[in-house]
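Trainee:
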Amino acid sequence: MTEGFETLAIHAGQEADPLTGAVVPPIYAVSTYKQDGVGGLRSGYEYSRSANPTRTALEECLAAVEGGARGLAFASGLAAEDTLLRAVCRPGDHVIIPNDAYGGTYRLFAKVLEAWGLSYDPVPLGDVDAVRAAVRPETKVVWVETPTNPLLGIADIAALASVAHDAGALLVVDNTFASPYLQQPLGLGADVVVHSTTKYVGGHSDVVGGALVAGSAELGERLAYHQNAMGAVAGPFDAWLTLRGLKTLGVRMDRHCDNAERVVELLLAHRNVTEVLYPGLPRHPGHEIAAKQMKRFGGMVSFRVAGGEAAAVEVCNRARLFTLGESLGGVESLIEHPGRMTHASAAGSPLEVPADLVRLSVGIETVDDLLADLSQALG
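Each residue of the sequence shown is one higher than the one before, counting from 1242 in the numbering used here.
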């Protein structure tokens, strides 16, 4: 029997505890496990860096909702990214990255992995021919965000999978903005999905985490080896909180999308807004592709403000219900100035974002209250 997304999110990897019947997996706050004789591991557990039952429950659920062969949970999204890249690349290799990407991802490439010997080129991923032209013999990964952070660009996952595979490279998709509820990259040809589970998967701004989901068992085993060898794993309480959030992802994402669509309507009509960036708009250059590969268009909205950087900063400062803060994907609405906040590390680079840009993470509050707050903040 094929199970639906919400059923998998609530039940996959989460069988009732055999001892007590508890319907929620326990928090196994343990570092080591008694062995049944030397080398006799009970249920495969020996040390919680290698495996922990609470983390196992989360990893199995993540694999199920993404349609993957193996899920792996990490201490942060960047820990997941670093582990992946060092598992599949070597010094001298090359990666294609988005020319509009999360600032922390860019910093990882530019300030950490480049010194290790990994080169990269930022490319507009909405242009499949440009990606194909950027491929080199040493290209090992095409790294995709769709939608991108913070300009909400869209990349054609299936088309880029073909380009990557023709070159003998892997297609990696950061699915953080869409979430597995709205988009299934592995089913479109991706090899690995990356998440900052801090965001929509956790959904409550109370836990930091990351994840990888591999499309094949062989690649999953390779990544699992590096997860253990490098050690940046999710702790049991963090895994438990993330799993709790994942159970309600479907219903939360529906409300995030509902509210974002109303926010977009307000922004389009406002005199102080010069451009609205949202893949749900028919005018968005990636709208048709997004409509094919996404269930809905998400809860992230970016817009540009008349009056430039100073006016954009002032909008952020005037907001009250929209909390001024970094991160995204929680139940509460957030507002930020990417150029000075999440993407400050990209200043002066090809990934620098417009100074008049404001990014919203639209939460699940009463939408009329959100609209009233934005109206007063925009003036």
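Quick reminder that beta carbons are idealized off the backbone N, C-alpha and C, glycines included.
Quantities reported herein were computed from a predicted structural model and do not represent experimental measurements.
In whole angstroms, give me the CA-to-CA distance for leucine 1299 and leucine 1484.
Mentor: 5 Å
Trainee: Going along the chain, which residues of its own chain have a beta-carbon closer than 7 Å to the beta-carbon of glycine 1570, five neighbours each way excluded?
Mentor: Within the same chain, glycine 1570 has close Cβ partners Lys1440, Tyr1441, Gly1444, Ser1602.
Trainee: According to DSSP, tyrosine 1286 sits in a beta bridge with which residue or residues?
Mentor: DSSP, once it has assigned bridges, lists Arg1283 as partnering tyrosine 1286.
Trainee: Is the number of C-beta pairs between the segment 1577-1597 and the segment 1523-1536 that are closer than 8 Å three or more?
Mentor: In this structure the segment 1577-1597 does not touch the segment 1523-1536; the number of beta carbon pairs closer than 8 Å is below three.
Trainee: Is cysteine 1498 near the ligand MG, in the sense that its beta carbon is under 7 Å from a heavy atom of that ligand?
Mentor: As for the ligand MG, it is missing from this structure, which has no ligand bound.
Trainee: Since glycine 1521 and glutamate 1502 are thought to touch, with beta carbons under 8 Å apart, how far apart are those beta carbons, to the nearest angstrom?
Mentor: 6 Å
Trainee: Residue range of the beta strand (DSSP E) that aspartate 1258 falls in?
Mentor: Careful: aspartate 1258 lies outside any beta strand (DSSP E) and carries neither H nor E.
Trainee: Is the beta carbon of valine 1546 sitting closer than 8 Å to the one on valine 1599?
Mentor: yes
Trainee: With distances taken from CA atoms, which of Gly1472, Arg1463, Leu1615, Phe1538 is nearest arginine 1512?
Mentor: Nearest of Gly1472, Arg1463, Leu1615, Phe1538 to arginine 1512, Cα basis: Leu1615.
Trainee: Whole-angstrom Cβ separation of valine 1434 and asparagine 1416, contact assumed at under 8 Å?
Mentor: 5 Å between Cβ atoms; contact.
Trainee: Might you give, ordered along the chain, the residues of its own chain that have their beta carbon closer than 8 Å to the beta carbon of threonine 1226, omitting 5 neighbours on each side?
Mentor: With the chain running from 1242 to 1620 in the structure shown, residue 1226 is simply not present.
Trainee: Do the segment 1314-1328 and the segment 1447-1467 touch if we need at least three Cβ pairs shorter than 8 Å?
Mentor: yes
Trainee: Within the same chain, show all residues whose beta-carbon is closer than 7 Å to that of valine 1369, passing over the 5 residues directly before and after it, in chain order.
Mentor: Asp1397, Ala1400, Leu1401, Val1404
Trainee: Could you check the C-alpha separation between glycine 1278 and glycine 1345 for me, to the nearest Å?
Mentor: 45 Å
Trainee: Return the residue from the list Leu1562, Leu1429, Gly1589, Ala1532 that minimises the CA-CA distance to aspartate 1609.
Mentor: For the residues Leu1562, Leu1429, Gly1589, Ala1532, the minimum Cα distance to aspartate 1609 belongs to Leu1562.
Trainee: How is threonine 1248 classed by DSSP in three states: helix, strand or coil?
Mentor: helix
Trainee: Give the DSSP-derived three-state secondary structure of alanine 1316 in the structure shown.
Mentor: coil
Trainee: Which term fits lysine 1275, buried or exposed, when burial requires 16 or more other beta carbons within 10 angstroms of its beta carbon?
Mentor: exposed
Trainee: Would threonine 1297 pass as a contact of isoleucine 1268 if the rule is Cβ separation under 8 Å?
Mentor: With respect to the 8 Å criterion, threonine 1297 and isoleucine 1268 are not classified as neighbours on the basis of their beta carbons.
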